[in-house]
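Okay, so here's the structure we're looking at.
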Amino acid sequence: MENLEARVRRELFALQDEKYREFHKKLVPNIDEERIIGIRVPALRNYAKTLAKQGGEAYLDILPHHYMEENNLHAFLICGIRDFDEAMRRTEEFLPYIDNWATCDSFMPKVFKKHPDAVYEKVKEWLKSDRIYTVRYGLVTLLNNFLDDEFRPEMLELSAGIRSDEYYINMALAWYFSIALVKQYDAALPYITEHRLEKWTHNKAIQKAIESYRISPERKEYLRGLKLK
Numbered sequence: 625m626e627n628l629e630a631r632v633r634r635e636l637f638a639l640q641d642e643k644y645r646e647f648h649k650k651l652v653p654n655i656d657e658e659r660i661i662g663i664r665v666p667a668l669r670n671y672a673k674t675l676a677k678q679g680g681e682a683y684l685d686i687l688p689h690h691y692m693e694e695n696n697l698h699a700f701l702i703c704g705i706r707d708f709d710e711a712m713r714r715t716e717e718f719l720p721y722i723d724n725w726a727t728c729d730s731f732m733p734k735v736f737k738k739h740p741d742a743v744y745e746k747v748k749e750w751l752k753s754d755r756i757y758t759v760r761y762g763l764v765t766l767l768n769n770f771l772d773d774e775f776r777p778e779m780l781e782l783s784a785g786i787r788s789d790e791y792y793i794n795m796a797l798a799w800y801f802s803i804a805l806v807k808q809y810d811a812a813l814p815y816i817t818e819h820r821l822e823k824w825t826h827n828k829a830i831q832k833a834i835e836s837y838r839i840s841p842e843r844k845e846y847l848r849g850l851k852l853k
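If you use the numbering used here, the sequence shown corresponds to residues 625 to 853, in order.
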């Protein structure tokens, strides 16, 4: 009898899109292309919903996975969990297995928005991790859930203190500050004017902020003048 892991893998390959695979494998160069099936995200999200309705939560007990899309499926199944404690338990169980930005950045349980204080306490732990994608996940969580009503100025301070040689951490840090410049301009600007970020991150944050249509032309021009040479 076919077990759950084998069945899911077979059904995932049925969703394979070879053209998308060729495109997507270039976006995640740190992943062996043999581990990429090639499934468009909407199709994979729909499959996750179907699997959940069929009682596929048992799939969350299967770790590690081989294919990137199996990890993405795992993430999407967690995203559908409505109980906060269970969603957080599964998230922390899964974080050590995330090995690329695509899985990391598409993984955000909806229930987290309903429990900002508890999530923020976890974010502070994740940012101290020695795992690249756990740190990145902490930054992405701040970016997605804590730059609007739940924003606290101390979050900028916490993030600015991160020092790393890892590209995927520094890119997330730049991304976070670029969106902070969009949504919390007055609070975020001093981190740029006072050169609180490392040069590469500083310049990348400005670049990404300038690319946003949500920043006025006047602010864009001012930010351009703050780039470090």
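Idealized CB from N, CA, C, for every residue including glycine. On a predicted model such as this, the values are computed, not experimentally measured, just so you know.
Item to check | Of the listed residues Ala811, Arg634 and Ile786, nearest to Leu751 (C-alpha basis) | outcome: Ile786
Checklist entry - Assuming Leu701 contacts Glu716 under a Cβ cut-off of 8 angstroms, what Cβ separation, rounded to an integer in Å, is found between them? => result That pair is no contact at about 15 angstroms.
Checklist entry - Quick one: complete alpha helix (DSSP H) runs, 4+ long, within the segment 648 to 685? => result 665 to 677
Next on the checklist: Quick check on DSSP: helix, strand or coil for Phe708?
Outcome noted: helix
Next on the checklist: If you follow the alpha helix (DSSP H) that Met779 is in, where does it begin and where does it stop?
Outcome noted: Pro777 to Ala784
Checklist entry - What is the rounded straight-line gap between the Cα of Val764 and the Cα of Gln640? => result 28 angstroms
Checklist entry - Would Arg714 be called buried (16 or more neighbouring beta carbons within 10 Å of its own) or exposed? => result buried
Checklist entry - Residues in its own chain within less than 6 angstroms of Gly704 by CB, not counting five upstream and five downstream? => result Ala676
Checklist entry - Going straight from the alpha carbon of Ser836 to that of Trp725, what length do you get? => result 21 angstroms
Checklist entry - How close, in whole Å, do the beta carbons of Ile816 and Ile830 come, if the pair is a contact with beta carbons under 8 angstroms? => result 7 angstroms
Checklist entry - Which of helix, strand or coil does DSSP assign to Ile816? => result helix
Checklist entry - CB-CB under 7 angstroms to Leu771, same chain, minus the five flanking residues each way: which ones, in chain order? => result Ile803, Ala804, Lys807 and Gln808
Next on the checklist: Measuring alpha carbon to alpha carbon, tell me which residue in Arg631, Glu642 and Tyr761 is nearest Gly662.
Outcome noted: Glu642
Next on the checklist: Using only the alpha-carbon positions, how far apart do Glu778 and Asp741 sit?
Outcome noted: 14 angstroms
Checklist entry - Is Glu745 buried or exposed, if buried means 16 or more other CB atoms sit within 10 Å of its CB? => result exposed
Checklist entry - If you draw a straight line from the alpha carbon of Trp799 to that of Tyr757, how long is it in whole angstroms? => result 15 angstroms
Next on the checklist: Looking at Val747: is its Cβ nearer than 8 angstroms to the Cβ of Ser753?
Outcome noted: no
Next on the checklist: In whole angstroms, give me the CA-to-CA distance for Ala638 and His698.
Outcome noted: 17 angstroms
Next on the checklist: Output needed for Asp729: all residues of its chain with C-beta closer than 7 angstroms, excluding positions within five of it in sequence on either side, in chain order.
Outcome noted: Val764
Checklist entry - Using CA coordinates, which residue listed in Leu813, Leu651, Met795 and Thr674 is at the minimum distance from Lys844? => result Leu813
Checklist entry - What span of residues does the alpha helix (DSSP H) with Glu635 cover, start to end? => result Leu628 to Phe637
Next on the checklist: By alpha-carbon positions, which one of Val652, Glu657, Lys650 and Asn627 ends up nearest to Asp685?
Outcome noted: Asn627
Item to check | Same chain only: Cβ atoms within 6 angstroms of Glu774, ignoring 5 sequence neighbours per side | outcome: Pro740
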